[in-house]
Each structure stands twice: as structure tokens, then as C-alpha cells.
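S.K.: Chains as they are written, first to last, in the working numbering: chain A, 16 to 1018; chain R, 191 to 289.
1) Which two residues bound the contiguous alpha helix (DSSP H) that contains residue 384 of chain A?
2) What is the C-beta distance between residue 495 of chain A and residue 208 of chain A, in whole angstroms, given that I count them as a contact (C-beta under 8 angstroms)?
3) Apart from the five residues on each side of it in sequence, which residues of its chain come closer than 6 angstroms, Cβ to Cβ, to residue 800 of chain A?
4) Is residue 289 of chain R close to chain A? Criterion is C-beta to C-beta, closer than 7 angstroms.
5) Taking the alpha-carbon positions, what's the residue 886 of chain A to residue 474 of chain A distance?
6) Touch check for the stretch 170–187 of chain A and the stretch 458–469 of chain A: three-plus C-beta pairs under 8 angstroms?
7) Along chain R, which residues have their Cβ under 8 angstroms away from the Cβ of residue 265 of chain A?
8) When you compare only the Cα positions, how much space is there between residue 289 of chain R and residue 603 of chain A?
9) Within 7 angstroms of any Cβ in chain A, is that where the Cβ of residue 263 of chain R sits?
10) So, using beta-carbon positions, are residue 632 of chain A and residue 849 of chain A closer together than 7 angstroms?
11) If you measure from the beta carbon of residue 258 of chain R to each beta carbon in chain A, is any gap under 7 angstroms?
12) Is the CB of residue 762 of chain A under 7 angstroms away from at least one CB in chain R?
13) Measuring straight from C-alpha to C-alpha, what distance separates residue 269 of chain A and residue 440 of chain A?
14) Give a yes or no on whether the C-beta atoms belonging to residue 961 of chain A and residue 927 of chain A are separated by under 7 angstroms.
15) When burial is assigned at 16 or more other CB atoms within 10 Å of the CB, is residue 60 of chain A buried or exposed?
16) Can you find at least 3 beta carbon pairs, one from the stretch 47–67 of chain A and one from the stretch 320–336 of chain A, that sit closer than 8 angstroms?
17) Is residue 618 of chain A close to chain R? Criterion is C-beta to C-beta, closer than 7 angstroms.
18) State the Cα-Cα distance for the pair residue 766 of chain A and residue 757 of chain A, rounded to the nearest angstrom.
19) Is residue 699 of chain A helix, strand or coil by DSSP?
20) Quick check: is the beta carbon of residue 911 of chain A nearer than 7 angstroms to any beta carbon in chain R?
21) Beta-carbon separation of residue 106 of chain A and residue 114 of chain A under 7 angstroms?
22) Using 8 angstroms for Cβ pairs, my map puts residue 71 of chain A next to residue 319 of chain A. What's the rounded Cβ distance?
23) Would you list, in chain order, the members of the stretch 206–221 of chain R that have their beta-carbon closer than 9 angstroms to a beta-carbon of chain A?
24) Where does residue 593 of chain A land, buried or exposed, given buried means 16+ other C-beta within 10 angstroms?
25) State whether the stretch 267–274 of chain R contacts the stretch 773–790 of chain A, with contact taken as three or more CB pairs (one from each stretch) at a distance under 8 angstroms.
26) Consider the Cβ of residue 278 of chain A: report whether some Cβ of chain R lies at a distance smaller than 7 angstroms.
27) Show which residues of chain A have a CB atom less than 9 angstroms away from the CB atom of residue 230 of chain R.
28) Going along chain R in order, which residues have a C-beta closer than 8 angstroms to the C-beta of residue 905 of chain A?
29) Check for me: the beta strand (DSSP E) holding residue 963 of chain A runs from which residue to which?
30) Per DSSP, which one or two residues make a beta bridge with residue 193 of chain R?
31) Leaving out five residues before and five after residue 15 of chain A in sequence, what residues of the same chain have Cβ atoms less than 6 angstroms from its Cβ?
32) Give the residues of chain A in contact with residue 275 of chain R, contact being defined as C-beta atoms less than 8 angstroms apart.
33) Residues in the same chain with beta-carbon distance under 8 angstroms from residue 712 of chain A, minus the five sequence neighbours each way, listed in chain order, please.
34) Starting from residue 230 of chain R, trace the alpha helix (DSSP H) both ways and give me its first and last residue.
35) For residue 178 of chain A, would you say it is in contact with chain C, using Cβ-to-Cβ distances shorter than 7 angstroms as the test?
36) Under three-state DSSP, which class holds residue 286 of chain R?
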């Protein structure tokens, strides 16, 4: 049995020993322990080093507010968690963890030299110190600071666990499973409502878990809690979620909960999730989140062995662990007296040092303590502590009205602080409720609810057990009835008594004799912020609490100041000579405690991160060894390497094969929209720059679509299949926004037009056959379509059949400049069509090509890709597409904007032009900036940029497209592209590099 | 995650089903070519940005697909009312925090 374990106490299982390995050393613990309680059972208080000064630190609390006891936990196989709170991590047999922020060891840490240099590290140290010389910041200061900064180490292996997500609806959600939450749940369940009750701990009862002295309904608190849980478990309308933190309260009663499913298991079942994220929409919410005990701010309050009184009580009640043998309690309110009696009852030697005069102490607990031979020194203040790695001595002196007595010293091995109770308002505040200052009790409490929500118990500042139970029962019943609109349930009246009621406590730094006012008294333990730092910040002009917080970093550590914010605020207010509410409270934001990224990501990782869309011929491309690229959500074949070909070699071969014979390309990803109705042509006229009314059935036209501001939005070939039916194509990935754009105009601006818009992208597999032998290939697979040059000229469209009866839409269109066909068949026939074309084209050496070759071929012809060669500031005129504007049309979307003065100002507009580098072997970089004068001083005036650049196999040289200021009027001029090591010269030319007369296209 | 009432479906649905589509009640002029540059710019670029109730267009993209209008309080982020596109802005609604 460990030295500090009290047999018969706590909720731990003496029959189940568990070994804990901390910093390589083995300790005995029990099932039911936390890592912190197991260490304390072995008399270990020193668990970490502080962030800035590397001061030795112990365990402050017994809950999720813990600022000090942060450990790195290694569960094997890459399961590594830094900054785990030892107070929250449940022990399992063989648990391994390490202390953090120390080198070479916890007891001997080199970084502790910072502590000696502490006078240097005042608030704003970094802002003040590392200003000069400016050049040293990047090379010297920042790397050094970065190496020193931060708590814990980030895991470096992929997380092998998986995480689950669940959505849930309930009538009443209760956050917090202490007595208030349990009572609320009972009453709400009585009403017949569906109830969810969650608590961040594994065991229920909150601060009364394992409590044997307080009496509820004639039972010990421990027994009442056990009976209540059994009752709730037996009810079908109650869902109990232990180990579940309600970390966020969003709009419309939408709450986020994180359930830890296997963090307490040594060998978790890897087929089940590690954690589960609950997103719950609740009709009513009850916040029973309790209160957090505050430390007291006095010199040396951060020494290992100095803890919260509530933590010592929980250690005894929940874990059967005594935190010391010789304990000094520094109290500012009454509940510590109950704790003192309990600790004394199991053999600890306890002394109470109370900040208050004797007249301010509740008489019953005071007399009970004196009767139990517990010395009570009222009207005393703590002036310091001693002990290198653990407290050994407390120094005190009497004080009254600013007069201090002589200092005395008390030997001890633990000190408890009882500074008062701060209601846990985080969730209320996140619900957008405004907290209200209660000047009498010196606490912030919840104001009026802004959502269907109610706080109960300590969370709303209620101090006594009896009152807490009464209001919780009432709130549970009322919430349940309101949520379901029922009258079921009953009023419960229960009598409860407790040894000592909680009191208001003390805020700010305790009064000190003059000789001690320069000693360091810590406010924020995790970020090493002292009362002096806050006072300094105020003196230096930071008067808003939000500024004080950021300047001193108080409350900005992983604990978000749960134990420190109120003291920091009180010290700032005192220094400013203002009331606390006048200084204000910093904002509470989600999450209440840190949430693992894995839980937030849930299932959305790896293959499930984003949908992957595959074309009907995907398997054929895989079989040919294609290399793929993501285009939007689509996976497209980038190129088809043969043997050991490089990307460049493959693209070179694919380009030449298509230009010389025939190439096959899967264009199924092109967006397709079917526009059908008597007003289809009228609608097309309004949405596109082009005229459509006179386009004959069976013909295609290249259409340009603008936004209302006149800039190119999308483009694509449109086929008129019937007087009232258009087959519209859009850029890959552009279909949803084009359809939304069309729907917007159809529904809201032109609702009188009769037509329907239907997305047909997935309905059709589209294969493009291009090249001088394309017609020979297509002719072999069509049933009833004459594909001769005479019958099917460029831009003709036909509906018919292919492969012996498969319906097809066949368009004579080209994105390569060669004779081209696009065959659309129902998607299910896409692979069959691919196979047939490969077979039919075998004698011509038909060559499948990917998107890279497609890009090269289209650039050789100057065909633009919207979004690459245009960027949302390019008009059709800028892009050289002025010919596509129906000049006679009265109106179309974007038309009026093309007449705006800044659109007409041609000298200042950037035009799409071709670029030929003077050295034909240099391929420009897409995105590279263009200047007109390479010798101008830096920063240079940038006159454009490269939008597309490739090596053209058929031309044997590089080509590029670029947007250049006034480019259309600069043909033949030389421009300059400055690169890191050189300046590239290029000549402005036409965007059409190959076959400018279109002989091949029309052949 | 806000719940938004779709006036077409008649249901409260999660906001991920919806797409915001800018300020409501800005009709496209029927005669753009007769407008002055200033008037056209006013239609094209100028929007109100009220602190309080804002009339907005939303689309139930992953539902019925219909555009509709909504009054939303830009301070509390709460939807006050939704109503079909093409109907006038309701006059009754007051800001959430109006005293």
C-alpha cells in the first residue's frame, strides 16, 4: 500500500492494483485513480516545470482546470498526447507518462536559470527586449525564442486512432453531473422528457463524489449519488454520458460534447473509436457546471505541495489519498473547515490560517475545528513558503487594518488554498448570455438567458447544498415539462445538510507587509504571470482587461485562466481604482477544455476527407498506368506514361500522336446542363454574351457567360438539339456555380420565362476523339450518323446511336485545333465506348492522352481556360473574345458593365496575349510577373503575369499565354520576366501559335 | 449551426443546406442600357451593411433549391423571419435587442 493511501476511503478499487510509470519510475496505484492521485498516493507532488521560469510545479487541482500538472502520455504505436492534465487522465495498469518542459530531468532543470533572471522577464519582456537591432530578429531572436517556447512536444507520427461523430436531439440536455445536474436529471426524467446528462469525469457526483459526511435525504452524499445514478440508469428516457465534456454552446441550443471512449483503457479495441464528438440540439439546456475554487495570491503560492483545498478533499473522498501529513490550510471562506475536519479525521495534522478576522468566520465550523484540536489562526496572512522541490515551511503573520505582526513559520508538507468559488460561466457565456456582477458575493453570475437555458447550483452562484437541490429539482421539472409541453412529474422536497457551506472568499492579491511586496505571487500558474506583472501592465497604460490579458498573457495558456482570471481582473481593477465590473471580463470562447483535433475531424479524413469523383473510364485509365491529378473533386488522368517514360516524355508523345494521327481523351468531367422549355433560347440570350435565337438545331456555338459586373464567369460549347432544348457544357468543376448562377436569374430576375434547368454532368460519359484520323475512328462505331466532312461540318451536333444501339449525342467540336468529335453516351456505356474506340483506333495508333496534353494542345491554339487565363477581372474583350458578343442584343447579364468607363479604358486594361520567349527552350513559370522595363528600380511596376506556359512539341519551342497591360496594342514588343536568378525576355504575339487559319480544324 | 426556416419546404433545416446570396430587394433594372454609369454602379456595387435587421437572400441549395428572403439580425445572428422571394419585406419585425 502506498504511503498516503487511506484504506476504506475513495471510489478506487483496492483489489485492482495498477502500475504507473512516470519519468521512467514505477509507482503503485489503484483502478479508479487519476494519474495525479496515484502520484499523490506515493507522496509525489513535483510533476512539472513552469512555462517561463521553469519553476518546479506540483498538482494544483483535481479537475480539468489544472494549470500545472501537464504530462506527455505515450500510449504506444504513435498514440502520443502532450499537455494531458494528470488530474483528468484515468490510470490504467502500465500507463506511461513523462513530465514536460524540463532538461535534463524534472529535479534538475537547466531552464530554471530563467527563474534567477526573473527580474528581466517582466510583462511585455519580448516586446521590449528584442526590438534592436532589427536584423537580429529573424536570424537570432526568433529561432532561439521558438526553441524555448511552447509546452510539450507535438506528436510526430500519424494518429492511428479513429474518431466518431454523432448527431443527437433531446428534450433536456444537462451539462454537469454533480448533485445539481443529478437532481435536475431526475426531475426532468420524471416529466417524461428525453434527457441527456453528461459529465467530464468518469464518476458522477462532482465535488461530492465519495463524500461521506454531507447528508442528502437521510443518506450520505456518496450513497445518495449512487442511488440516483442507479435510478437514472434504469430509465429509458435518460442517456448518461460520463467522460464527456460539454465544450461548446452554439446558437439555437446546439451544443458540442466530446466523449472519451478509450483513453482510460490500456489496450483499446482498435476497431472502435477513441473519442466521439456529439453534436446535440436540445429543446432545453440546464447548465449544472458547478464552480471552480480559486487559489490565493501570495508569495511562493506556486511551490509543489501547495494545492486547492477542494483538490485535497476530492483526493480523499474520490481517491482515498491524503495529500500530506502536516497540512496548513490558508482559507478565505468556510468550506475549507469541512475539509480540515475530514483530513484530521484520517490522521493529518491540520492548521488553519484564515485571512478573515474571527468574527467573519461561520461559528459552527469554527467551533467544530477547535473541538477537533485543529488550530485556527484567524486574521493571518501567508507571507511566503520554503522548500526546493516541495513545500516544507509556511510563513505567516497576523494582520489587521494594514498593520502586520511579526512573521512566524509553520513546518508542513502540504498547503491548501481556499480562496473562494468562481461559478463556471463558460457555457452560459458561450450561449451569448451576459454575465452580471453580484457585488455582495463578489462573483459574476449568469444574467438573463438568451437561449432556452437555465443555470443551477454553484454555476449560478448558489452556495448551499439544500438550495442547490431545491432549485435543481425545480429547474429539471420545469425544463422537462416545457420541452415536451406536458404536466407529468412531481415536486421533490429533500432535506440536505453539510458540514460547512461555501463562502464568498477573497479576490486579488492578499495584503502583505511592506518587506514582502516585491516577492513573486503567482496569478496564472501556467503562464507564470505574477501580481506584479499585472500591476506593471496597468502602470504602462493597458487599462482594458482584454489588453492586460494579451500583454501579460494571463489566462492565455491551455487552461484559459480557469483558476486565474478573476484574480487577474481584481488586481487590475484595484490598480486602476475601479470596480471589477467596470474593468470587464474577458470573453469565454469555445472550447471549455482542449478538444483533440481528431475528434473535431471525425470521419473526415483520408478517403473520406472529400468526395472523390471518378469518371466512367477511370478503371481503363488505371489499367493503362495513368498518373492522376485532382481537378476540383474529380480525379482526372494527367498523362499515360509508357514504360519508363517521364511526364515530359509522355506528354510529348501524346501531343504529337494526336496532331499526327488520333488521340482519345475522357472529357466526362465537363459540366453539363440541359436547358429545356419554350423560353430556353430567350434565357440563353440573357445569360450568355452570344446570340442564340438564330442558332439552327443541330449546331453548336462557343458561349461566354459574364457576371453582372462584365467579367468572364464561364465558357463552354452549347449545342442546340431542338428548338427548345440546349445542351450546355461548362468548365470542369464549374457546373454547380454556373447552374446556381442560372437558377438565381431564372428564379429571381426572369421568373416569367418558361424553362427548366437540369444538371446532367453525371448522366453522360464524354469521350473526345481528336486528330487527322479521328473521323476514320468515329466512322467505325456510329450506327446512324453520317460523320463525313460534308454532312457533319465543324460545330455540328447530332443525336443518334453508336455501337449497335447505344443512344449518343455526337458533336463535331475540338479543343485541340484538330478535327475533333465529342461523343456523349449514357454514363454506364462510357467504358464500353472507350474500349470500342481503342479497338477501332488501333490501326491508327490511337493514343489516350491526359489533361496535361489537353492543356498543351489547347494552348497551342490559344483556347482559354476560364479561371486560369482569366481571373475574375477579365472582360471578354480583354480575353480576345469580343467576337462572341452579340452586338445587336438589347440586354444580357454583364452587357451594361462592358460600357463602364473603367472597362473601356483600354490602355490600362490587361489583355490576354501570346508570349514567345527569345530563347525557345525556356518555359516560363505560370504566375510569373511581367515588367516592361527590367532596369527600373525595385519595387518594379508589374504590368502583367503569365497565365499558361508549356513546351509545344509540335512547334519545338515554348509557348505561353499572359495577361499584359494594353497587350493587344503591343504586338511584337519585348517584355521581361524577372526570375530569382535571371531575367527572361519574351515577345508579345498572337494567342494562336498553331494553324492560325484553322485548316486542320475544318478538315 | 443555425437552423433556418425554409418558407418553401416549411421546415427548419441546418444552415449547411443553405447558401447565402447577398442583400435582398435589389431588383435588376429592366433597362440597363438607359442607366447612367452612376446609377448602374449603385445597383452593381452599393449595399447596405446595417447593424441590426438585414434583409438577405438565401437559397435552400441542398433542399428544394429555391431562393427566398430572410430578415436576420446582424448583431445576434438570429433569423427573425423568412419569406418567399418576390414578396415585399415584412414591416413588423423589430431587432432582437430593441428596447
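The beta-carbon is built from N, C-alpha and C at its ideal position, and this holds for glycine as well.
The model shown is predicted, which means the values in this text are computed figures rather than measured ones.
M.R.: According to the structure data:
1) 378–386
2) 4 angstroms
3) 813, 815, 825
4) Here the model assigns residue 289 of chain R a pLDDT of 36, short of 50, so the residue's position is not dependable and the matter cannot be decided.
5) 54 angstroms
6) Counting Cβ pairs under 8 angstroms, fewer than three are found: no touch.
7) 191
8) At residue 289 of chain R the pLDDT is 36, less than 50, meaning the model places this residue with poor confidence and gives no usable figure here.
9) no
10) yes
11) With 7 angstroms as the cut-off, residue 258 of chain R does not count as an interface residue toward chain A.
12) yes
13) 17 angstroms
14) no
15) buried
16) yes
17) no
18) 11 angstroms
19) helix
20) It does; some Cβ of chain R falls within 7 angstroms.
21) At least 7 angstroms separates the beta-carbon of residue 106 of chain A from that of residue 114 of chain A.
22) Yes, they are in contact, since the Cβ atoms of residue 71 of chain A and residue 319 of chain A sit about 5 angstroms apart, within 8 angstroms.
23) 209, 211, 217, 218, 219, 220, 221
24) exposed
25) At 8 angstroms Cβ cutoff, the stretches do not touch.
26) Not an interface residue.
27) 911, 912, 914, 915
28) 223
29) 959–967
30) BP columns for residue 193 of chain R point to R:204.
31) No statement about residue 15 of chain A is possible, as the shown extent of chain A runs from 16 to 1018 and does not include it.
32) From the beta-carbon of residue 275 of chain R, the residues of chain A found nearer than 8 angstroms are 762, 763.
33) Counting only residues of its own chain and dropping the five nearest sequence neighbours on each side, residue 712 of chain A has a CB closer than 8 angstroms to the CB of 735, 736, 737, 738.
34) Taken as a continuous stretch (DSSP letters only), the alpha helix (DSSP H) holding residue 230 of chain R covers 227–235.
35) As a matter of chain content, chain C is missing from the structure shown, whose protein chains are A and R.
36) Low per-residue confidence applies at residue 286 of chain R: pLDDT is 46, beneath 50, and the placement is therefore not dependable, though the value from the model is reported in the following sentence. Three-state DSSP puts residue 286 of chain R in coil, outside helix and strand.
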